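Colleague: Structure below; questions to follow.
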Amino acid sequence: MVPTGNEKRRFVRDKFASVASRYDLLNSLLSLKIDSYWRLITAKELKKRIKGPILDLCAGTLPLSSELAKRTKEMVIAVDFCYEMIRCGSLRLKGARPARRIAPVCGDGEGLPLKDAIFSGVTVAFGVRNLSQIDKGLKEMLRVLKPGGKLVMLEFSRPQGLFFSRIYNFYLHRLLPVLGSLISGDKEAYRYLADSIQTFYAPRDMADLMTRAGFININYRPLTFGIVTLYTGIKRSCNQKTD
Ligand SMILES: C[S@@+](CC[C@H](N)C(=O)[O-])C[C@H]1O[C@@H](n2cnc3c(N)ncnc32)[C@H](O)[C@@H]1O
C-alpha cells in the first residue's frame, strides 16, 4: 500500500532518512549499476540546450547533481526535503571537483523556496513518484523554469513484454524487498519502492500530467526494456509554437 497526502510526505521523508547512509550502495547493488547509466543519459539529455543554472529536484544523495556538474559548466541547485539524504551526499562529495558547482538546499519540491523563472533546466531522477501531489510539484518545476527552459525527468515504469515483465515483477515484489531489507535493515522501505512503482502512472498518463501542468513539446522514451522512462518537456516562451 502506498500512503497518500501528508501521511505519504512523512512516510517518504522518514524512509529516505532511515536508508540515507546506505542509499548509494543499495542503488548500485540492486540495479547492477545501471542506475549510473540512466543518470548519465538524463544529464546528457539536459546538456543539449542548457545555458544557465540547473535545478536538480529530489536530489537525494546528489548522484545526478554531480553528473550534471561534471557534464555542464553550470551551477546546480540540488533540492531535497530529506536533510539526511542531502547530508550524506554532501559528505561523500566533499572536496571533489564537481561539488564546487553544487549548492545543496533542504526544501520541499511542492513549495519551492525559490524565485520564478531562474533556471534554464530542471531535472528529477526517481523523485516525482515520491511526491505526495505530483501536479503541484510539476507546477513548481514550471514556475522556476525560464521561458524556453527544459525539464528532464527520469522515473521507473513497468516493462511491457510478457516474458520480461514476469521476470521483472518477480524481482520487484519478491527479491527486492528481501535484498533491500537485508542490506538496509528496512524492509518497509523496499516494499514501498515496489508498490510505488507498481501503482505509478503509465508513461502516457504521466505525459498527460505534464501537459496539464503547462509543459509543451513533451516527449518520453523507455530505457532498458521500459524499466525506466525518460520524459522531457519545455516551458513555453513568447511566440513559441508546439512541435
Ligand atoms: C529515490 S530518491 C532519488 C534521489 C536522487 N535523485 C537519485 O537519483 O538517486 C527520491 C528523493 O526524493 C525526495 N523527495 C520526495 N518528496 C520530496 C519533496 N516533496 N520535496 C523534496 N524532495 C522530495 C526524497 O527525500 C528522496 O531523497
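Numbered according to the working numbering, the sequence shown spans residues -6 to 236. Glycine included, every Cβ here is placed at the ideal spot set by N, Cα and C. These numbers were taken from a predicted model, which means no experiment stands behind them.
1) What three-state label does DSSP hand F163 in the structure shown?
2) How would you call K228, buried or exposed, if buried means at least 16 neighbouring beta carbons within 10 angstroms?
3) At what residue ranges does the stretch 7 to 64 contain a whole run of the alpha helix (DSSP H), taking only runs of 4 or more?
4) Expressed to the nearest angstrom, what Euclidean distance is found between the alpha-carbon atoms of S21 and C231?
5) Ends of the alpha helix (DSSP H) at R214?
6) Return the first residue and the last residue of the beta strand (DSSP E) that E148 is part of.
7) Do the stretch 76 to 96 and the stretch -5 to 10 make contact, defined as three or more Cβ pairs closer than 8 angstroms?
8) Helix, strand or coil for I70? Go by DSSP, reduced to three states.
9) Can you tell me whether F237 is helix, strand or coil according to DSSP?
10) Determine the extent of the alpha helix (DSSP H) in which T225 is found, giving its start and end residues.
11) Tell me whether V121 sits in a helix, a strand or coil according to DSSP, three-state version.
12) If you draw a straight line from the C-alpha of R205 to the C-alpha of I95, how long is it?
13) Ligand 1 and N20: does the residue's C-beta get closer than 7 angstroms to at least one heavy atom of that ligand?
Modeller: Based on what the coordinates show:
1) DSSP places F163 within a helical segment (H, G or I) once states are collapsed to three.
2) Buried.
3) Within the stretch 7 to 64, the complete alpha helix (DSSP H) segments at least 4 residues long are 16 to 23, 27 to 40 and 56 to 64, listed from N- to C-terminus.
4) A straight line joining the alpha-carbon of S21 with that of C231 spans about 42 angstroms.
5) Unbroken run through R214 is the beta strand (DSSP E), I209 to L216; no alpha helix (DSSP H).
6) Element bounds for E148: L138 to F149.
7) The count of Cβ pairs closer than 8 angstroms, one atom from the stretch 76 to 96 and one from the stretch -5 to 10, reaches three, so the stretches are in contact.
8) I70 falls in the strand class under three-state DSSP.
9) No statement about residue 237 is possible, as the shown extent of the chain runs from -6 to 236 and does not include it.
10) In the DSSP annotation of this structure, T225 is not part of any alpha helix (DSSP H); the continuous beta strand (DSSP E) holding it starts and ends at V221 to I227.
11) Looking at V121 - three-state DSSP - the assignment turns out to be helix.
12) For the pair R205 and I95, the Cα-to-Cα distance works out to about 31 angstroms.
13) Yes; taking the cut-off as 7 angstroms, the Cβ of N20 has a heavy atom of ligand 1 nearer than that.
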